[in-house]
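> This is the structure I want to talk about, given as structure tokens.
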Amino acid sequence: MSGHSKWNNIKRKKEKTDGQRAKIFTKIGREMSVCVKAGGGDPNVNTKLRDLIAKAKSMNVPNDNIQRIIKKAEGGEKDDYESITYEGYGPSGVAMMVETLTDNRNRTAANLRHYFDKFGGNLGNTGCVGFLFSQQGVIVLDVEGKDEETVMEDVFDAGAEDFDMGDGVAEVTTTPAAFSDVRAALEDKGYEFISADVAMVPSTYTALSDPDDLKKMGILLDHLEDDDDVQNVWHNLENEEDLDR
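Counting from 1, position 135 in the sequence shown corresponds to residue 135 in the UniProt record's numbering; the numbering is continuous, with no gaps.
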């Protein structure tokens, strides 16, 4: 994906996120809780927690909520979640990966299988599409009014691998190992984050042309993203801007 549509997609995703604050808060809270239980509640020691706090703040989660989640997790809350990533195909073979945090894997698998079957896809076995994706840090910055050369210099000074900019938005990619340091360096430089996460990035893309496939793909993504157990959905659809969402 390239050009104007890429930046429109980023802005549309941000607008959709803005309209789903309550659900986003719940999902980030669950992720932070698991992180605290695994690595402790001190963000100076637990770098993943530090990144999650930054992610939560970029989505306007109040600091009181963040501290409450951390204290609750440190106190040994009874909820026990496990991370499971499912792989499958959307309409016409679009490759999809769905990251979940669940306290009931049977419920989660059944729900995901239902969504895929109903909207033109199928839930596959582990490894069926994973080879098409690689893990990368992806940081999206609001750079409205900023000079491109200055942004580029700041980004590469921070240790980023690649950089793309358009329509007041900059997309920065890093290795997973460098993600935390790059994000922190850009935060220190005063940049405003639209999103920052370690994502599964496809190496190849599939375009959909059939209107029915596009409709089903949009509905499938909506159902997956609305599911409380689903943390992230990654896919290799090239023309995401054609979805009616």
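Note that the Cβ used here is the ideal one computed from N, Cα and C, for glycine as well.
Remember, it's a predicted structure, so these values are computed and weren't measured experimentally.
Please determine, among F193, V169 and F179, the residue with the shortest C-alpha to C-alpha distance to A199.
It is F179.
> Which term fits K216, buried or exposed, when burial requires 16 or more other beta carbons within 10 angstroms of its beta carbon?
Buried: at least 16 other Cβ atoms inside 10 Å.
> Report the start-end ranges of each alpha helix (DSSP H) in the stretch 141 to 192 that is 4 residues or longer and not cut off at the edges.
Listed in chain order, they are 148 to 157 and 179 to 188.
> Which first and last residues belong to the alpha helix (DSSP H) in which E74 is found?
Residues N63 to E74.
> Going straight from the alpha carbon of D210 to that of D227, what length do you get?
Rounded to the nearest angstrom, the two C-alpha atoms are 26 Å apart.
> Who are the near neighbours of A160 in its chain, counting only those whose CB is closer than 7 Å to its CB and skipping five residues on each side?
The answer, listed in chain order, is V172, T173, T174 and V182.
> According to DSSP, which residues form a beta bridge with L123?
Answer is G88, bridged to L123.
> According to the Cβ coordinates, are I70 and G29 closer than 7 Å?
Against a cut-off of 7 Å, the Cβ pair of G29 and I70 comes out as no contact.
> May I ask you to verify whether the stretch 51 to 66 touches the stretch 23 to 41, counting CB pairs closer than 8 Å and requiring at least 3?
Flag = yes, the stretch 51 to 66 and the stretch 23 to 41 touch.
> Decide if V233 is buried, meaning its Cβ has at least 16 other Cβ atoms within 10 Å, or exposed.
When all chains shown are included, V233 counts as buried.
> I'd like to check one pair, Q136 with D201: are the Cβ atoms closer than 7 Å?
What sits at residue 201 in the sequence shown is Val, not Asp. Yes; because the gap between Cβ atoms is below 7 Å, this pair is in contact.
> Taking E240 as part of the beta strand (DSSP E), name the residues at either end of that continuous run.
Segment: none, E240 is in no beta strand (DSSP E) and carries neither H nor E.
> Just confirm the distance between the C-beta atoms of L186 and L208, as a whole number of angstroms; I'd bet it's less than 8 Å.
With a Cβ gap of about 34 Å, L186 and L208 do not count as contacting.
> Grab me the residues of D213's own chain with a C-beta within less than 7 Å of its C-beta, minus the 5 sequence neighbours each way, in chain order.
Excluding positions up to five away in sequence, the list reads P91, S92 and G120.
> Does the distance from the C-beta atom of Y81 to that of V36 stay below 7 Å?
For Y81 and V36, no; Cβs fall outside 7 Å.
> What do you reckon, are the CB atoms on V143 and A170 nearer than 7 Å?
Contact: yes.
> Please tell me whether T108 and D242 are closer than 7 Å, where the distance is taken between their beta carbons.
The answer is no: Cβ separation not under 7 Å.
> Rounded to whole angstroms, what's the CA-CA distance from A22 to D64? Just pull it up for me.
About 15 Å.
> Determine whether the beta carbon atoms of Y115 and H235 lie at a separation below 7 Å.
No. Outside cutoff.
> From the DSSP output, in three-state form, read off A207 for me.
Looking at A207 - three-state DSSP - the assignment turns out to be coil, as it is neither helix nor strand.
> Report the partner residues of T102 according to the DSSP bridge assignment.
Partner(s): E82.
> Quick one: what's got a C-beta closer than 7 Å to E148's C-beta in the same chain, skipping five residues either side?
For E148, where only same-chain residues beyond five positions count, the Cβ hits under 7 Å are M165.
> Out of E99, I24, L101 and F163, point me to the one whose CA is closest to P62's CA.
Checking every option, the nearest Cα to that of P62 belongs to I24.
> Going by beta carbon distance, what residues of the same chain come within less than 7 Å of residue 250, once the five residues before and after it are set aside?
The displayed coordinates of the chain run from 1 to 245. Any statement about residue 250 would go beyond what the structure contains.
> Under the three-state reduction of DSSP, which class applies to G39: helix, strand or coil?
Here G39 sits in helix by DSSP.
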